[in-house]
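Take -3 as the starting number for the sequence shown in our numbering and just add one per residue.
What follows is a single structure, written as structure tokens, with notes after it.
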Amino acid sequence: MKKISMIIALLAVLNICSCGQKTEDITPPAPTAPPVEEETAETKTLNVASIMNNFSQVKKEIDKKMSCDVNIKFYPGGDNSDPFELLNLDIISGEDIDVVYAGADDMRQFIKNDYLTDLYPLMEQSETLKKDDFLPNVLKGLEVDGKLPAICDSWILYTAVAKTENVGENMENWTPEQALNAFYNMPDGMENFLNYAWMEYDIPNYLIKRVAVDAVDYKNNTCDFGGAFLEMLESINNLPEFQPYDPVGNDNLIKNRSLVSDIYLTGIDAIFTQWTYADFGGDDVTFIGYPSETGKGYVTDASSAIGILETSSEKQEGYEFIKLMLNDKSINKMVSMPVTEKNITDQLKESKYNNMSVHCPRNLPDSNEQIEISEEAIEKFVEYIRNVEFEPYTSEEVERIVLEEYHKCYAGEITPQQCADNLNNRVSLYLSETE
-3 MKKISMIIAL LAVLNICSCG QKTEDITPPA PTAPPVEEET AETKTLNVAS
47 IMNNFSQVKK EIDKKMSCDV NIKFYPGGDN SDPFELLNLD IISGEDIDVV
97 YAGADDMRQF IKNDYLTDLY PLMEQSETLK KDDFLPNVLK GLEVDGKLPA
147 ICDSWILYTA VAKTENVGEN MENWTPEQAL NAFYNMPDGM ENFLNYAWME
197 YDIPNYLIKR VAVDAVDYKN NTCDFGGAFL EMLESINNLP EFQPYDPVGN
247 DNLIKNRSLV SDIYLTGIDA IFTQWTYADF GGDDVTFIGY PSETGKGYVT
297 DASSAIGILE TSSEKQEGYE FIKLMLNDKS INKMVSMPVT EKNITDQLKE
347 SKYNNMSVHC PRNLPDSNEQ IEISEEAIEK FVEYIRNVEF EPYTSEEVER
397 IVLEEYHKCY AGEITPQQCA DNLNNRVSLY LSETE
């Protein structure tokens, strides 16, 4: 019995040892975790809504220079569609839009509806285009209640020049009284008040241009076509009957056959050289501008502007796009007056090597003689740009209404007072409808 018990005990021990060895052999290796895929940042998309440009010719260039994808939706005009209304409807309906690129008149409506974000904080965060990089007068003109809702990438300066010797010193931005006095008392031998006045409305349009702008207060949405505007209307009605003239040649300003040159400037370029220097034979000129009681003898026109919607989640990328529009000529090919200090530097630098330039010699009118603009004249013009009170948010529709009514007055269909009353009514109504 003892023998049997011992055998059983021995077998138990052997079994235990055998089981231990077997367990060690068949235990599967610990399961390994599946490989972890590296997380990739989601590619951002900037949605640009444009009335001004479909960007089809420069889309590849934009994609190459932006740090995110750019989706551009173009709103073309048509017989039965208003691009501004279509864009505005998309904004109201909540369509994913980050940047709007539109005319300044359209941008004025977006600003009134509080659609646009303040760009100043984005400038402060930027390393390459800050507030101090812009012309101060341009930014001041674009500000609304201390904020910067939009930036213009293109603008034009309308003004007028005359030989200083013909109008006298200190006549920059002359008054209506000074302009009319010059009209009736031109120097001996001078035949034409306005150079190349081909049509009967040319001189009246010149005389009325700035006082009409001064009659409208876009900030407060009011207008007053009495005062200086009404006085100018009455003066225009008393002008001698218009006689179109056939210019002797292109040297009327040099030979003192014409007094005033009405011009528009799109940059510091060959047009500026010709109109403000070569056409006067290099003589000193004065920017007399358009007659005005406010001391603003010029008119500014912002062709287009860019803003970022307040609802955008890609504001940094939106400002990156704005920087391209302002400084990259391969993307924005518009000729424009300077917006930044870099624009001034680049235009002057490039002009030294470009045969359509400020610095290159220009032929005098009706002569093979060439003349190169002086550095003093360039500095005088740049200083004039810096002192312009930039007004980008005027309305083309208001301008159209003014032209329509005062042309009736000039044609004798209505009196000056009736014209002023009509304008006060029509423009007030338009301003209230767009408020």
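Think of the CB as a built atom: it goes at the ideal place given N, C-alpha and C, for glycine as much as any other residue.
For a test of the three-state rule: what should DSSP assign to residue i, helix, strand or coil?
{"i": "residue 326", "result": "coil"}
{"i": "residue 239", "result": "coil"}
{"i": "residue 356", "result": "coil"}
{"i": "residue 367", "result": "strand"}
{"i": "residue 250", "result": "coil"}
{"i": "residue 433", "result": "Residue 433 lies beyond the stretch modelled for the chain, which goes from -3 to 431, so this question has no answer here."}
{"i": "residue 342", "result": "helix"}
{"i": "residue 149", "result": "strand"}
{"i": "residue 229", "result": "helix"}
{"i": "residue 336", "result": "strand"}
{"i": "residue 423", "result": "helix"}
{"i": "residue 189", "result": "strand"}
{"i": "residue 85", "result": "helix"}
{"i": "residue 51", "result": "coil"}
{"i": "residue 350", "result": "coil"}
{"i": "residue 394", "result": "helix"}
{"i": "residue 172", "result": "helix"}
Would you tell me roughly how many angstroms separate the C-alpha atoms of residue i and residue j, rounded to the nearest one?
{"i": "residue 149", "j": "residue 236", "result": "42 Å"}
{"i": "residue 222", "j": "residue 416", "result": "6 Å"}
{"i": "residue 159", "j": "residue 276", "result": "7 Å"}
{"i": "residue 360", "j": "residue 96", "result": "44 Å"}
{"i": "residue 305", "j": "residue 100", "result": "15 Å"}
{"i": "residue 270", "j": "residue 340", "result": "18 Å"}
{"i": "residue 224", "j": "residue 373", "result": "32 Å"}
{"i": "residue 169", "j": "residue 308", "result": "43 Å"}
{"i": "residue 391", "j": "residue 218", "result": "13 Å"}
{"i": "residue 324", "j": "residue 109", "result": "30 Å"}
{"i": "residue 58", "j": "residue 83", "result": "22 Å"}
{"i": "residue 287", "j": "residue 140", "result": "27 Å"}
{"i": "residue 273", "j": "residue 357", "result": "11 Å"}
{"i": "residue 311", "j": "residue 47", "result": "20 Å"}
{"i": "residue 316", "j": "residue 62", "result": "7 Å"}
{"i": "residue 428", "j": "residue 393", "result": "13 Å"}
{"i": "residue 94", "j": "residue 45", "result": "8 Å"}
{"i": "residue 86", "j": "residue 132", "result": "34 Å"}
{"i": "residue 232", "j": "residue 190", "result": "14 Å"}
{"i": "residue 249", "j": "residue 182", "result": "13 Å"}
{"i": "residue 130", "j": "residue 142", "result": "16 Å"}
Let me know if residue i comes out buried or exposed under the rule of 16 or more other beta-carbons within 10 Å of its beta-carbon.
{"i": "residue 421", "result": "exposed"}
{"i": "residue 437", "result": "Residue 437 falls outside the range modelled here, since the chain spans only -3 to 431, and no answer is possible."}
{"i": "residue 194", "result": "exposed"}
{"i": "residue 88", "result": "exposed"}
{"i": "residue 407", "result": "exposed"}
{"i": "residue 74", "result": "exposed"}
{"i": "residue 258", "result": "buried"}
{"i": "residue 200", "result": "buried"}
{"i": "residue 290", "result": "exposed"}
{"i": "residue 382", "result": "exposed"}
{"i": "residue 77", "result": "exposed"}
{"i": "residue 135", "result": "buried"}
{"i": "residue 431", "result": "exposed"}
{"i": "residue 412", "result": "buried"}
{"i": "residue 20", "result": "Its pLDDT being 45, under 50, residue 20 is placed unreliably by the model, and the measurement read from it follows with that caveat. Residue 20 is exposed by the Cβ-count criterion."}
{"i": "residue 389", "result": "buried"}
{"i": "residue 17", "result": "The predicted position of residue 17 is uncertain, since its pLDDT is 46 and thus under 50; a value taken from the coordinates is nonetheless stated next. Exposed: under 16 other Cβ atoms inside 10 Å."}
{"i": "residue 104", "result": "buried"}
Give the DSSP bridge partners of residue i, in chain order.
{"i": "residue 69", "result": "45"}
{"i": "residue 98", "result": "301"}
{"i": "residue 433", "result": "The structure shown does not extend to residue 433, since the chain is modelled only from -3 through 431, so no value can be given for it."}
{"i": "residue 156", "result": "258"}
{"i": "residue 143", "result": "140"}
{"i": "residue 212", "result": "219"}
{"i": "residue 281", "result": "159"}
{"i": "residue 295", "result": "154"}
{"i": "residue 112", "result": "305"}
{"i": "residue 130", "result": "336"}
Can you list, in chain order, the residues of its chain with a C-beta nearer than 7 Å to that of residue i? Leave out the 5 residues immediately preceding and following it.
{"i": "residue 444", "result": "This structure gives no information on residue 444, because the portion of the chain shown stretches from -3 to 431."}
{"i": "residue 318", "result": "147 and 302"}
{"i": "residue 366", "result": "357, 358 and 359"}
{"i": "residue 70", "result": "46 and 50"}
{"i": "residue 424", "result": "219"}
Could you name the residues of the same chain whose beta carbon sits closer than 6 Å to that of residue i, not counting the 5 residues immediately before and after it, in chain order?
{"i": "residue 292", "result": "385"}
{"i": "residue 260", "result": "152 and 154"}
{"i": "residue 43", "result": "67, 92, 93 and 94"}
{"i": "residue 268", "result": "261"}
{"i": "residue 299", "result": "150"}
Whose C-beta lies closer than 8 Å to the C-beta of residue i among residues of the same chain, with five residues either side of it excluded?
{"i": "residue 265", "result": "331, 343, 347, 352, 353 and 354"}
{"i": "residue 205", "result": "154, 286 and 295"}
{"i": "residue 410", "result": "401, 404 and 418"}
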